[in-house]
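A short worksheet on the structure shown next.
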Amino acid sequence: MPTPREIQKYYSDPIEVIWLHCLQQLGWHLSRSSEVFASWDGKMTLTIGQTSDLDPDDSLAQLILHELCHALIEGKRAWAKVDWGLDNIDEQHLVNELACHRLQAALADQVELRSFFAVTTDWRPYYEQIPSLWNTPQNTEQVLQWSEAFERNIDEAKDLDSQAIILAEKGLLLLQTEHYFCQALNQALQQSASIAQILKPCVEMNSLWS
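The sequence shown runs 2 to 211 under my numbering.
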């Protein structure tokens, strides 16, 4: 029998390598656990569910980007709080979640990857109705696509949307002033776009890369 070979290297998904490097540039770390979907420890560690826990259209890249958007929406003081200080119970936290979607769309738009970086949680209907110009208020028809699921009437939903735009703009401004954060995030987005451009002619229509 041949002597078992010694494995010296391992394969890594390129898009995951890119976004793990982005976290490392921020001085943050990634942990994987089946106990959470996504959670920030208030220090330096972001924990995301195991691959087996995620949906087929989830990607580590999108989940990391989403959490970075939360960090920007909540502001620097929230970086020292567990889960950015969010509990998804307070009404204001719903506004903050929608603002996170707005910012995520704005950043993805810079590299024409809004669909690839689309959120995959129950809040997805809101993300899908964000206008092509990311900070444009949704019209009544667009609001109707998600307001009922969120148990809000039209006026309440439009108010949430308006507040979300304001917060998202503040989050983008924070990114622009935190140069190291901006550089790391923009690099990851550009590198993701490069991979997308290479893969697009090769994938089927049901691929996130299509």
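Built from N, CA and C at the ideal position, the CB exists for glycine as well. Since the structure is predicted, the reported quantities are computational estimates derived from the model, not experimental observations.
- DSSP places residue 163 in the uninterrupted alpha helix (DSSP H) bounded by 155 to 178.
- With a threshold of 16 other beta carbon atoms within 10 Å, residue 9 falls short and is exposed.
- Within the same chain, no Cβ atom closer than 7 Å to the Cβ of residue 198 is found once the five residues on either side in sequence are excluded.
- In the DSSP secondary-structure assignment, residue 33 is bridged to 49.
- 9 Å or more divides the Cβ of residue 174 from the Cβ of residue 182.
- Counting the other CB atoms within 10 Å of its CB gives residue 157 a total below 16, which places it among the exposed residues.
- Residue 131 places its beta carbon 9 Å or farther from that of residue 100.
- Residue 40 has 48 as its beta-bridge partners, per DSSP.
- Bounds of the alpha helix (DSSP H) holding residue 127 are 125 to 129.
- Judged by their CB atoms, residue 96 and residue 145 are not nearer to each other than the 9 Å cut-off.
- Here residue 148 is buried. Its C-beta has 16 or more other C-beta atoms within 10 Å.
- DSSP places residue 141 in the uninterrupted alpha helix (DSSP H) bounded by 141 to 148.
- Within the model, the alpha-carbon separation for residue 165 versus residue 207 is close to 31 Å.
- The Cβ atoms of residue 23 and residue 87 lie no closer than 9 Å to each other.
- By the CB criterion at 9 Å, residue 110 and residue 80 fall outside the cutoff.
- Counting of Cβ neighbours within 10 angstroms places residue 34 among the exposed residues, the total staying below 16.
- Your pair residue 31 and residue 47 checks out as a contact, with CB atoms roughly 6 Å apart and the cut at 8 Å.
- Contact between residue 119 and residue 128 holds, since their C-beta atoms are separated by about 6 Å, short of 8 Å.
- The alpha carbon of residue 188 has as its nearest neighbour, out of 121, 112, 201, 160, the alpha carbon of 112.
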